[in-house]
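Residue numbers for the sequence shown follow the numbering used here, beginning at 5 and rising by one.
A virtual CB, placed ideally from N, CA and C, is assigned to each residue, including glycine.
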Amino acid sequence: MDYHRRIYSFELAPQLGLQEIITEWSPHSIRTPYQTSWLVVCGDMLLMVDHWSKRIKDGGILKKVCTLHLDMSSKPAKWVVKKKLGSWAAFAGCDRKNMPLSNMNPERWGGRSNSLYYAESSPPWRVHELDSAHDPWGASIRQCVIYWGHYMKPLWVYPSMLYSDGASDHRVER
């Protein structure tokens, strides 16, 4: 995904090529100066997690997290709100050098499914359950938003939804 939030498919055969995947944005994906977004692959889903904040009239800060998945079953592909991750958990940190990761069945090591984990210096992890109304954000997450800015970290993935095995073709027509 580039700065303008365009997604590309990189083709190796029959010849080298780069092709944009045309997408329709969800109205839930809001761009603000205080937005952090990252991409993460959970199995065959490509997810985008948006966290944004803005100041409100009374001097407080309104904060929101929204998880979207790329639905390639329609043309154009659509970013759709994902309310549950099922047995998956996603992990991200404040440092742009670290790529977001996912894990299936985190209960095996004592974690929680359907959750977003954020690595911070103190406490070590902040956990947000996707279907929870609880606000997980403290002052330290604001520092993450400022550090990341609104630039999305480049991510190279090879999920089955973005390539063709010949049986079904999900690529955008040229």
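Item	Value
Delimiting residues of the beta strand (DSSP E) encompassing Ser-30	From DSSP, Ser-30 is part of no beta strand (DSSP E); its letter is neither H nor E.
Spatial distance of Ser-91 from Leu-50 (CA atoms)	15 Å
Reduced DSSP secondary structure (H/G/I, E/B, other) of Arg-112	helix
Cβ-based neighbour list, Pro-140, same chain, cut-off 6 Å, excluding 5 preceding and 5 following	Residue confidence is low: Pro-140 scores 48 on pLDDT, short of 50, so the model does not pin down where it sits. No coordinate-derived value is stated.
C-alpha gap between Asn-118 and Leu-134, whole angstroms	6 Å
Own chain residues within Cβ distance below 6 Å of Phe-95, not counting five before or after	Leu-105, Tyr-121
Residue environment, Asp-6, which counts as buried when at least 16 other CB atoms sit within 10 Å	exposed
Within 8 Å, strictly: CB atoms of Glu-24 and Lys-82	no
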